[in-house]
Amino acid sequence: MIEQRPLAGIRVLDLSRVLAGPFCTMNLADLGAEVIKIEMPGRGDDSRTYAPQIPNSSDSGYYWSVNRGKQSVTLDLSKPEAADLLCELVRQSDVVVENFTPGTMERFGLGYQRLRSVNSRIILCSISGFGQTGSMASTPAYDIVAQALGGTMSITGAPGGEPTRNGISIGDLAAGLYGVVAVLAALCARELSGEGQHLDVAMLDCQV
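Just so we're aligned: the sequence shown equals residues 35 to 242 in the working numbering.
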């Protein structure tokens, strides 16, 4: 007998790439959610090309490790007609996860208000470097930036030495895990209110 996993019946649209967002949705898939990964036609997620490659495959082990248990479709979100197509999926989904620079979803015509108008129960989880608002919101951020500004590098390395990047991408991974917690909390809240919400997860916040 196969035990039903806790998120069985929950559908997640994964618009994210590389690590923070995909790690979040990987965990949601492990918990039983149906995860549909939306990738750019022709190239897919950037991490598909990272070394080392899987033998007899054009994909990397890195990509496979954080995108296990997901379905994958291609859609060029920069094209005007893509927003309407994605909204058809949003009507039938519970969660959307993205890790674009803040403002990108709005430029695609896929901001939270648009998604909510299509499905008032939708939960949008936005993972970014510095959050969706504030003076640094539009600043792109990689893991090393979050580690440096969040103080992680100041407590890593040899005593008395220079600040050192942690050996793993802890900024991305922590943001991904906080994203999972936020989505789970939002799903519980939706059971009480009947409404979705927009979740703002910042890599910097997850380091402090």
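Just so you know, even glycine gets a beta-carbon here, dropped at the ideal spot from N, CA and C.
Residues in its own chain within less than 7 Å of residue i by CB, not counting five upstream and five downstream?
i	result
Met139	Glu132, Gly145
Under 8 Å Cβ to Cβ from residue i, same chain only, skipping five residues before and after it: list those, please.
i	result
Leu207	Leu53, Ala54, Phe57
Arg82	Ser92, Asp93, Ser94, Tyr97
Gln87	Asp93, Ser94, Gly95
Gln38	Gly66
Ala216	Cys159, Leu233, Val235
Leu2	Nothing about residue 2 can be read from this structure; the chain reaches only from 35 to 242.
Express the C-alpha separation of residue j and residue i in angstroms, rounding to a whole number.
i	j	result
Gly184	Ser203	13 Å
Asp48	Ala42	16 Å
Gly253	Ser50	With the chain covering 35 to 242 only, the question about residue 253 has no answer from this structure.
Asn101	Asp79	10 Å
Glu68	Ala192	44 Å
Cys121	Asn153	9 Å
Phe142	Ser227	28 Å
Tyr212	Glu225	20 Å
Hey, would you say residue i sits closer than 8 Å to residue j, going by beta carbons?
i	j	result
Ala236	Gly165	yes
Arg125	Glu229	no
Ile161	Gln105	no
Gly163	Ala180	yes
Thr186	Gln241	yes
Ala220	Leu233	yes
Val129	Ile189	no
Ser112	Thr135	no
Asp177	Gly205	yes
Give the DSSP-derived three-state secondary structure of residue i in the structure shown.
i	result
Arg148	helix
Leu221	helix
Leu233	strand
Gln181	helix
Val129	strand
Only counting the same chain, and skipping five residues up and downstream in sequence, which positions put a Cβ closer than 6 Å to that of residue i?
i	result
Thr108	Glu73, Pro75
Val214	Cys58, Asn61
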